[in-house]
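Numbering (this note's numbering), first residue to last: 23 to 359.
Right under this line is the structure:
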């Protein structure tokens, strides 16, 4: 795919830098691919939906970038205009199992290696899986977008399809504005306040204990596990939350923390929690990679009750949100020094 350079190179943000170097350690080249599809049942014009999506995506300069090392040895991002990229409408209705065929197509796409210096870093397609069922598939490399950004794109496409025209966001979704927001934060007072908080919060953290003796390594795939709380236990926990004026989700975090403290024989439970890190209006409305992952530290003593632990979780979560723009990878580096 031929690309035309439309702006000079820009610095990468702290969020992008960590993913770039993570990608260099990725032996298969696709671990940072992220994708989702939206399925709509009804009278949907697949061609019109594809057109709406392409118009919206062409407005997002933050998505039309590549990453490379410049002549000075500095990692930069280069905005490009992909004039010849296409958004395909694929009809799976002739397959024995159209939905399964669509699924297989998406799984294959998710496992395609990505060249950050040359490739288009997103893939979109519209799948027709039944006469009245259409799927909009979107896939990105994580270096250009996070979950909030993905939702922004979906919302803008939906509005463009419904109205027949997309609001012009080209002036808002620029690399210059994205990088400026990051630069302003790193050079500002809030960054120093956030740094001081996190170093104070974790400076005396004891040696980390793990629940497994297995060595940690970069996995070639995401492994997930889930379990369900039976109806009786869930009801008891919900009643407990109401009686103590606590959020049910916070009770669940407190339960997990209590379990980890017991399993590791430690009095501190530390969780990695994602934060949106979108502290300005520009960032809240921009499809880009901004999210951070920060630690939630909860102290659990032998005398702590579940209500005690949950209130501690709530207090620490509030602090985490107040200082949530700080980069988790930067914090890890500073704590290691």
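Even glycine gets a Cβ: it sits at the ideal position worked out from N, Cα and C.
How is the beta strand (DSSP E) around residue i delimited, first residue to last?
{"i": "residue 58", "result": "55 to 63"}
{"i": "residue 99", "result": "97 to 103"}
{"i": "residue 330", "result": "Premise fails: residue 330 lies in the alpha helix (DSSP H), 328 to 344, not in any beta strand (DSSP E)."}
With a threshold of 16 other CB atoms inside 10 Å of the CB of residue i, please say whether the residue is buried or exposed.
{"i": "residue 101", "result": "buried"}
{"i": "residue 291", "result": "buried"}
{"i": "residue 354", "result": "exposed"}
{"i": "residue 196", "result": "buried"}
{"i": "residue 350", "result": "buried"}
{"i": "residue 99", "result": "buried"}
{"i": "residue 171", "result": "buried"}
{"i": "residue 162", "result": "buried"}
{"i": "residue 300", "result": "buried"}
{"i": "residue 270", "result": "exposed"}
{"i": "residue 24", "result": "Residue confidence is low: residue 24 scores 46 on pLDDT, short of 50, so the model does not pin down where it sits. Its coordinate-derived value is still stated next. Residue 24 comes out exposed."}
{"i": "residue 215", "result": "exposed"}
I need the boundaries of the alpha helix (DSSP H) containing residue i, first residue and last residue.
{"i": "residue 179", "result": "169 to 185"}
{"i": "residue 125", "result": "120 to 132"}
{"i": "residue 149", "result": "Where residue 149 is concerned, there is no enclosing alpha helix (DSSP H), although the beta strand (DSSP E) it sits in stretches over 144 to 152."}
{"i": "residue 262", "result": "253 to 265"}
Which residue or residues does DSSP assign as beta-bridge partners of residue i?
{"i": "residue 294", "result": "317"}
{"i": "residue 219", "result": "BP columns for residue 219 are empty, so no partner."}
{"i": "residue 158", "result": "60 and 148"}
{"i": "residue 163", "result": "55"}
{"i": "residue 200", "result": "Looking at the DSSP assignment, residue 200 forms no beta bridge with any residue, so it has no partner."}
{"i": "residue 88", "result": "100"}
{"i": "residue 33", "result": "98"}
Taking 8 Å as the limit between beta carbons, can you name the residues of its chain near residue i, skipping five residues before and five after?
{"i": "residue 54", "result": "41, 44, 45, 48, 136, 163, 164 and 165"}
{"i": "residue 328", "result": "262, 273, 276, 277 and 280"}
In chain order, what residues of the same chain have a beta carbon less than 7 Å from the beta carbon of residue i, not counting five sequence neighbours either side?
{"i": "residue 33", "result": "98 and 201"}
{"i": "residue 114", "result": "120, 123, 124, 149, 150 and 151"}
Check your understanding: Okay, do the segment 266 to 286 and the segment 310 to 317 touch, 3+ Cβ pairs below 8 Å being the bar?
Key -> no
Practice item. Decide yes or no for the touch test of the segment 145 to 157 against the segment 59 to 71: beta carbon pairs closer than 8 Å, at least 3 of them. Key: yes
Point to revise | Touching by the beta-carbon criterion (3+ pairs, under 8 Å), the segment 301 to 314 and the segment 197 to 206 | key: yes
Check your understanding: Per the contact definition of three or more C-beta pairs closer than 8 Å, is the segment 124 to 141 in contact with the segment 171 to 181?
Key -> no
Check your understanding: Do the segment 66 to 85 and the segment 103 to 120 make contact, defined as three or more Cβ pairs closer than 8 Å?
Key -> yes
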